[in-house]
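S.K.: Chains as they are written, first to last, in my numbering: chain L, 1 to 423; chain W, 1 to 287; chain C, 1 to 344. Would you mind keeping the following structure in view while I ask a few things?
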Amino acid sequence: MTSLDPAGPSRRSFLKTAALAGVVAAAPLPLLSACGASGGGSGSGPIRIGVLTPLSGPWTIFGKAHLAGFQLATDQINAKGGTLGRKWELVVADSKTDSTVVTQQANRLAKQENVDFFAGTFTSAERNAAAPVVTAADKLLLYPTFYEGQNQDFYPGVCNPNIFMFGSEPSGQVYPFLEYMLNKHGKRFFLAGSDYVWPRETNRLVKAKLAELGGEVVGEAYAPIGTAQFGGLIEKIRNADTDVLFLSVVGSDSVAMRQQLLSSGLKDSLTVWSVGNEESSTSGIGPAASAGDYASFDYFWALDNPKNVEFKRAMTKKFPGTIMNNVGVDMYNAAHMAALAIEKAGSVETAKMRAGLEDLVFEDAPQGKVTMRAEDHQAALPSFLAKVREGWTGVDDMFEIVQSVDQVVPSDSTCAKLPLRRP
Amino acid sequence: MDSFSQVILDGATGTLILALVALGLAVIFGLGGVLNLGHGAMLTLGAYVTWACQMHGVPFIACVPIAAVVVGVIGLLFELAVVRHFYDRPFETLLITYAFYLIATQVIQIVWGRAVHNIPNPLPGNVTIAGASTRVYTIVVCGVCIALLSLTWLVMYRTSVGTRLRAMLQNREMASLLGIDASRTYSAIFATGAALAGLAGALISPLFSASPDMGSLWLVRSFFVVIAGGLGALVGGTLLGSAVISGGTDVFSLFTSQVFAQTVVFALAILILRVRPEGLLRKVPAR
Amino acid sequence: MSFKVEVSHETASRKVVRARRPRRGNTEDLLATVLFAVLFAVPSVGDSYQVFILPQYMLFGVLAMSLCLVWGLGGILSFGQGAFFLIGAYALGILSTRVSGSLGVWLGIAVGIALSAAVAGALAYFLFRARVRGSYFVLVTLAISTIGGVIATSASDLTGGFNGMFISRVQLTVSGWGVDLASDSTSYYFVLALTIGVYVMLRWLSRSAFGRVLVGIRENEERAEALGYDVALRKTLAFSLSAAIAAMAGAIYGTEAGFVSPSLADVVFSTSIVLWVAIGGRDFFLGGLVGALAISLVSEKLNSAIPEYWQLLLGVLFLAVVIGFRRGIVGSAILAIDRVGDRR
Numbered sequence: 001m002t003s004l005d006p007a008g009p010s011r012r013s014f015l016k017t018a019a020l021a022g023v024v025a026a027a028p029l030p031l032l033s034a035c036g037a038s039g040g041g042s043g044s045g046p047i048r049i050g051v052l053t054p055l056s057g058p059w060t061i062f063g064k065a066h067l068a069g070f071q072l073a074t075d076q077i078n079a080k081g082g083t084l085g086r087k088w089e090l091v092v093a094d095s096k097t098d099s100t101v102v103t104q105q106a107n108r109l110a111k112q113e114n115v116d117f118f119a120g121t122f123t124s125a126e127r128n129a130a131a132p133v134v135t136a137a138d139k140l141l142l143y144p145t146f147y148e149g150q151n152q153d154f155y156p157g158v159c160n161p162n163i164f165m166f167g168s169e170p171s172g173q174v175y176p177f178l179e180y181m182l183n184k185h186g187k188r189f190f191l192a193g194s195d196y197v198w199p200r201e202t203n204r205l206v207k208a209k210l211a212e213l214g215g216e217v218v219g220e221a222y223a224p225i226g227t228a229q230f231g232g233l234i235e236k237i238r239n240a241d242t243d244v245l246f247l248s249v250v251g252s253d254s255v256a257m258r259q260q261l262l263s264s265g266l267k268d269s270l271t272v273w274s275v276g277n278e279e280s281s282t283s284g285i286g287p288a289a290s291a292g293d294y295a296s297f298d299y300f301w302a303l304d305n306p307k308n309v310e311f312k313r314a315m316t317k318k319f320p321g322t323i324m325n326n327v328g329v330d331m332y333n334a335a336h337m338a339a340l341a342i343e344k345a346g347s348v349e350t351a352k353m354r355a356g357l358e359d360l361v362f363e364d365a366p367q368g369k370v371t372m373r374a375e376d377h378q379a380a381l382p383s384f385l386a387k388v389r390e391g392w393t394g395v396d397d398m399f400e401i402v403q404s405v406d407q408v409v410p411s412d413s414t415c416a417k418l419p420l421r422r423p
Numbered sequence: 001m002d003s004f005s006q007v008i009l010d011g012a013t014g015t016l017i018l019a020l021v022a023l024g025l026a027v028i029f030g031l032g033g034v035l036n037l038g039h040g041a042m043l044t045l046g047a048y049v050t051w052a053c054q055m056h057g058v059p060f061i062a063c064v065p066i067a068a069v070v071v072g073v074i075g076l077l078f079e080l081a082v083v084r085h086f087y088d089r090p091f092e093t094l095l096i097t098y099a100f101y102l103i104a105t106q107v108i109q110i111v112w113g114r115a116v117h118n119i120p121n122p123l124p125g126n127v128t129i130a131g132a133s134t135r136v137y138t139i140v141v142c143g144v145c146i147a148l149l150s151l152t153w154l155v156m157y158r159t160s161v162g163t164r165l166r167a168m169l170q171n172r173e174m175a176s177l178l179g180i181d182a183s184r185t186y187s188a189i190f191a192t193g194a195a196l197a198g199l200a201g202a203l204i205s206p207l208f209s210a211s212p213d214m215g216s217l218w219l220v221r222s223f224f225v226v227i228a229g230g231l232g233a234l235v236g237g238t239l240l241g242s243a244v245i246s247g248g249t250d251v252f253s254l255f256t257s258q259v260f261a262q263t264v265v266f267a268l269a270i271l272i273l274r275v276r277p278e279g280l281l282r283k284v285p286a287r
Numbered sequence: 001m002s003f004k005v006e007v008s009h010e011t012a013s014r015k016v017v018r019a020r021r022p023r024r025g026n027t028e029d030l031l032a033t034v035l036f037a038v039l040f041a042v043p044s045v046g047d048s049y050q051v052f053i054l055p056q057y058m059l060f061g062v063l064a065m066s067l068c069l070v071w072g073l074g075g076i077l078s079f080g081q082g083a084f085f086l087i088g089a090y091a092l093g094i095l096s097t098r099v100s101g102s103l104g105v106w107l108g109i110a111v112g113i114a115l116s117a118a119v120a121g122a123l124a125y126f127l128f129r130a131r132v133r134g135s136y137f138v139l140v141t142l143a144i145s146t147i148g149g150v151i152a153t154s155a156s157d158l159t160g161g162f163n164g165m166f167i168s169r170v171q172l173t174v175s176g177w178g179v180d181l182a183s184d185s186t187s188y189y190f191v192l193a194l195t196i197g198v199y200v201m202l203r204w205l206s207r208s209a210f211g212r213v214l215v216g217i218r219e220n221e222e223r224a225e226a227l228g229y230d231v232a233l234r235k236t237l238a239f240s241l242s243a244a245i246a247a248m249a250g251a252i253y254g255t256e257a258g259f260v261s262p263s264l265a266d267v268v269f270s271t272s273i274v275l276w277v278a279i280g281g282r283d284f285f286l287g288g289l290v291g292a293l294a295i296s297l298v299s300e301k302l303n304s305a306i307p308e309y310w311q312l313l314l315g316v317l318f319l320a321v322v323i324g325f326r327r328g329i330v331g332s333a334i335l336a337i338d339r340v341g342d343r344r
């Protein structure tokens, strides 16, 4: 196999080296054999859930809320004895904000940890990366983030019978408020986003709807993830004589973008509407660069209803200091709805759980009523438009709700095969 | 021509801010010969120290020097404990400073959490110059950058310390014959570079906020500044390199996509390196 | 520890190493044989996840060996290997979906390798001719990574951009005969054979005339030049070959993992390749291979056991190794074994 020196070493030294070599080469073995899997699909052990969450890398700021939401719900479920008499056990994996790692970790959770189902992944790119794995393992994935909707069969993470969407898509997050923004702040929209599927697809849908409503798209631009300088983009926005800047720049990039928008002096002459900056990234942007701007999501910490007050109390008690956002809350809802589905189906088996989730209604969500549409696994959620208060001091006084819709029926998905069923 | 003057102003402020960020890297690389992969972590550390210091009620203006000193001391300790044994092996110093990056970034997250922290702008308000607008604070940061670059130039070319440093750069053995304590000098260089990184991190924190990964975003750009600016020509090189990288990206992105602009500018930096391996300003090879 | 003592220590150890060259080679090959035997046995004792994931780590190992070739042998540190890995993966992904049948697969692999080798060759020759070297070349390779990542992110029509690209498991067949990588165990043995092949090829290369000249250039570039060698050309060839190996590993990785994204070209991934090789030992191909395998395995375990602290631990370990075992863990082990052998 390997090319040895033709002369060859002496027999004695060969044995010696071989023995030592064995020790060195065998070192990785314990790593291979460590970590036995327990639990599993059936039986009476705990129900194991694989949670994929960005605990390191650029999206760690969202990972905390993401995980905390699911953990809080899990604690509440376990406090009531779990589901079907079985406790929930979370197996958390760090996605490192890297879709490649998501593929790898999802495989580990499926093949080695034998999880019963998955929850999490943060961006659409991460969901897409996990999709082939959950399909191959035939496990469900509960996806919490606002996303681009299911209009392109191309990606494995959309129109996938094993994935359930607990976050809103553009027809829920954006459409209800377009008319309000047009009438109040002007017809000239500039669409600027980070360069990946969610901003591009969201803007495509927004453009179509704007045309319907008589708005005008005066510009569209995308910045690669990791951009620090937005000078050129801001000039384009200025030259287009923009009324409303519709922003889908995400993560730390959005912090830089909005800080630079403020320093360019352009902020005062237009209205910013962000569909990516929730409580945690707005905290990073700061009061000066965010004052008076709009954001729209299916949940805000500022919501004043008894369910949310109760949720906030529980969250603050369990994870003090965690900045909660819509993604964390949708993780929370996903856990509770999965628990209801398991009880309803009497099993954690994928097919039964899928049937249990379909058409499930969850009345106790912090934002109101959540219904899981059977046909395309899309949640129907409330939707809110909020304005950032001047001189806010923290998440409690950051957003002021200006418009709200109790439940938006999302646009129909355009998947090739509906309803989503496993072939 | 509002737009034109705005481009000029944004280009100028962008250049100066990048120069400020890259200066610490240029000092350690140009004078110490160490490619400091930990530079990004030092920036981040500076921003977080500033944030933590403000949380304790210390005014921003006092937090900035505190951040510089704290990061400088950390840099000094790191140099004394580890880096100093490796000056003759540049690849090893690169690996060691990368280890510093890994460790520091993680410690920052463990100590201060992963949230993006906003540092309030100490000088709110905008200023208009020839029809172009920017933040008052941005102008102040640019002023500090100009002051620092001038100071660096003065130290390098108008003081005996600078003469010795330049002597050491030219010929290490000759310098030691002249009684220059190379070991101490290197410690001082590393600590100064670290302090400059901390200072830059502190100063830019109100502009970009503090997040655990802010450093890696700036690190690559700073490296390109060093590529374009070249070794040795500390002040002029850093300034020119920043102008190429920052101004170039901004100007190109006016005509084309941001992505293409970035690629063109990076390619340009490589081209500069080919044509003038020792930097745009340097005529005589350093070795 | 003063500067001068260090230098003389270095020179002395180099002399010793050279004097012992044949024996050192044997030790490395023996250890490699043991490693390959262990890897060969894994599918019969390990679980399905190990059979799924180890081929990917072995391909990281091949990638690491490609870095050993330029860094260990040629003294050229590259942060650009990730970009070549990425080119290989994308080329296979793009061509295997657009050109049907086994032709698309072979074309994908060939184009990836050829493109990487050409890009690396052109850039390296362009710069080495101008005597750009040392830390400056490191910066250029960092630029290659960054540009590679930026292009992969922005050419979304071709690469899927930030969303990444999905590659199904391919069949490597010639007129009906060949391997179908769809099965985890088939692809496991295929990747193992590939890894062994690359190792053997690189070991042979390092002992060939070309390898010896490369070492000569690493030790003293001016002297090699004075002896009449075309230094720039040889360095270019080494860099280009290393890029080709990285691209080949990337192509197979793409189909093994089923997914590639621009993150493979970013600074973090490219620096981790350097980290594997440094910890394993850059002077030995086995060092790179073991470094990649072991660190990937350890990282993964720490990632699941203590997700928030794993990177800190990795950093501390890395620092300790760079300070404590300058030849890397495997390199130190090989030298220690030789020393024990000598004493008896």
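Ideal placement from N, C-alpha and C gives every residue a C-beta, glycine not left out.
In the DSSP assignment, what are the bridge partners of Asp298 (chain L)?
M.R.: None; Asp298 (chain L) has no bridge partner.
S.K.: Buried or exposed for Leu271 (chain W), please, with buried defined as at least 16 other CB atoms from any protein chain shown within 10 angstroms of its CB.
M.R.: It counts as exposed.
S.K.: Counting only runs that start and end within the region 276-361 of chain L, where is the beta strand (DSSP E) found for 3 or more residues in a row?
M.R.: Counting whole runs of 3 or more residues, the region 276-361 of chain L contains the beta strand (DSSP E) stretches 294-297.
S.K.: With 7 angstroms set as the bound, which would you pick, yes or no: does the beta-carbon of Arg184 (chain W) sit closer than that to a beta-carbon of chain C?
M.R.: Judged by the 7 angstroms Cβ criterion, Arg184 (chain W) is not in contact with chain C.
S.K.: At the level of alpha carbons, what is the spacing between Phe62 (chain L) and Ser280 (chain L)?
M.R.: Their backbone Cα atoms lie some 7 angstroms apart in a straight line.
S.K.: Report the rounded CA-to-CA distance for Asn128 (chain L) versus Leu239 (chain W), giving the unit in angstroms.
M.R.: Between Asn128 (chain L) and Leu239 (chain W), the C-alpha separation is close to 43 angstroms.
S.K.: Evaluate Phe297 (chain L) with the Cβ neighbour count: other Cβ atoms within 10 Å of its Cβ, from every protein chain shown; 16 or more gives buried, anything less gives exposed.
M.R.: That one is buried.
S.K.: Suppose you measure from the CA of Thr316 (chain L) to the CA of Thr322 (chain L); what does that come to, to the nearest Å?
M.R.: In a straight line, the C-alpha of Thr316 (chain L) is about 7 angstroms away from that of Thr322 (chain L).
S.K.: Which residue from W:Phe78, W:Phe60, W:Asp10, W:Pro59 puts its Cα closest to that of Ala195 (chain W)?
M.R.: The residue with the shortest Cα to Cα distance from Ala195 (chain W) is W:Phe78.
S.K.: Would you verify that the beta carbon of Gly120 (chain L) is, or is not, closer than 7 angstroms to some beta carbon of chain W?
M.R.: False, the Cβ-Cβ gap to chain W never drops below 7 angstroms.
S.K.: For chain W, is any of its Cβ atoms less than 7 angstroms away from the one on Pro320 (chain L)?
M.R.: Answer no: the Cβ-Cβ gap between Pro320 (chain L) and chain W never drops below 7 angstroms.
S.K.: Measure from the alpha carbon of Thr152 (chain W) to the alpha carbon of each residue in W:Ala228, W:Leu268, W:Ile189, then state which is nearest.
M.R.: Residue W:Ile189 is the option with its Cα nearest to Thr152 (chain W).
S.K.: Which whole-angstrom value describes the C-beta separation of Met58 (chain C) and Leu192 (chain C), a residue pair presumed to lie in contact below a C-beta threshold of 8 angstroms?
M.R.: Going by Cβ atoms, the distance from Met58 (chain C) to Leu192 (chain C) rounds to 6 angstroms, so yes, they are a contact pair.
S.K.: If we count the other Cβ atoms within 10 Å of its Cβ and call it buried at 16 or more, is Asp241 (chain L) buried or exposed?
M.R.: By the 10 Å Cβ count, Asp241 (chain L) comes out exposed.
S.K.: Any residues in the region 95-111 of chain W with a beta carbon nearer than 9 angstroms to a beta carbon of chain C? Which ones, in chain order?
M.R.: Listed by position along the chain: Leu95, Ile96, Tyr98, Ala99, Phe100, Tyr101, Leu102, Ile103, Ala104, Thr105, Gln106, Val107, Gln109, Ile110.
S.K.: Does any CB atom of chain W fall closer than 7 angstroms to the CB of Leu142 (chain C)?
M.R.: So yes, Leu142 (chain C) belongs to the interface.
S.K.: Quick check: what's the CA-CA separation for Ser135 (chain C) versus Ile74 (chain W)?
M.R.: One C-alpha to the other measures close to 24 angstroms.
S.K.: Just the chain L side, please: which residues come within less than 8 angstroms of Leu353 (chain W) by C-beta, in chain order?
M.R.: Lying before the first or after the last residue shown, residue 353 (chain W) is absent from chain W, which here runs from 1 to 287.
S.K.: Which residues in the same chain have their Cβ closer than 7 angstroms to the Cβ of Lys267 (chain L), if we skip the five residues on either side of it in sequence?
M.R.: Leu261.
S.K.: Should Pro54 (chain L) be labelled buried (16 or more other beta-carbon atoms within 10 Å of its own) or exposed?
M.R.: Its Cβ being crowded by 16 or more others within 10 Å, Pro54 (chain L) is buried.
S.K.: Quick check: the Cα distance between Lys96 (chain L) and Met398 (chain L), rounded to an integer number of angstroms?
M.R.: Rounded to whole angstroms, Lys96 (chain L) to Met398 (chain L) spans 29 angstroms at the Cα level.
S.K.: Leaving out five residues before and five after Glu201 (chain L) in sequence, what residues of the same chain have Cβ atoms less than 6 angstroms from its Cβ?
M.R.: Closer than 6 angstroms at the Cβ level, and outside the excluded window around Glu201 (chain L), lie Glu148.
S.K.: Need the endpoints of the alpha helix (DSSP H) that Ser187 (chain W) sits in, please.
M.R.: Ser187 (chain W) -> alpha helix (DSSP H) spans 182-208.
S.K.: With H, G and I counted as helix, E and B as strand and the rest as coil, what does DSSP make of Arg274 (chain W)?
M.R.: Looking at Arg274 (chain W) - three-state DSSP - the assignment turns out to be helix.
S.K.: Measuring alpha carbon to alpha carbon, tell me which residue in C:Val231, C:Ser183, C:Gly101 is nearest Ala136 (chain L).
M.R.: The shortest Cα separation from Ala136 (chain L) among C:Val231, C:Ser183, C:Gly101 belongs to C:Ser183.
S.K.: Under a CB-based cut-off of 7 angstroms, is Tyr143 (chain L) close to chain C?
M.R.: Chain C contact via Cβ: absent.
S.K.: Could you tell me whether the Cβ of Pro22 (chain C) comes closer than 7 angstroms to any Cβ of chain W?
M.R.: Summary for Pro22 (chain C): the model assigns pLDDT 46, below 50, so the residue's position carries little reliability; its value from the coordinates is reported in the next sentence. Not one chain W Cβ lies under 7 angstroms of Pro22 (chain C).
S.K.: Which one or two residues does DSSP pair with Glu89 (chain L) in a beta bridge?
M.R.: According to DSSP, Glu89 (chain L) bridges with L:Arg48.
S.K.: Which bits of chain L does Gln6 (chain W) rub up against, with CB to CB less than 8 angstroms?
M.R.: Result: Glu235, Arg238, Ser264.
S.K.: At a CB distance below 9 angstroms, what residues from the region 191-218 of chain W approach chain L? Give them in sequence order.
M.R.: Listed by position, the residues of the region 191-218 of chain W near chain L (Cβ gap below 9 angstroms) are Pro206, Leu207, Phe208, Ser209, Ala210, Ser211, Pro212, Asp213, Met214, Ser216, Leu217, Trp218.
S.K.: Mind listing the chain L neighbours of Gly164 (chain C)? Cutoff is C-beta to C-beta under 8 angstroms, in chain order.
M.R.: Those within 8 angstroms of Gly164 (chain C) in chain L are Ser99, Thr100, Ala125, Asn128, Ala129.
S.K.: With which residues is Thr134 (chain W) paired in a DSSP beta bridge?
M.R.: Beta-bridge pairing links Thr134 (chain W) to W:Val127.
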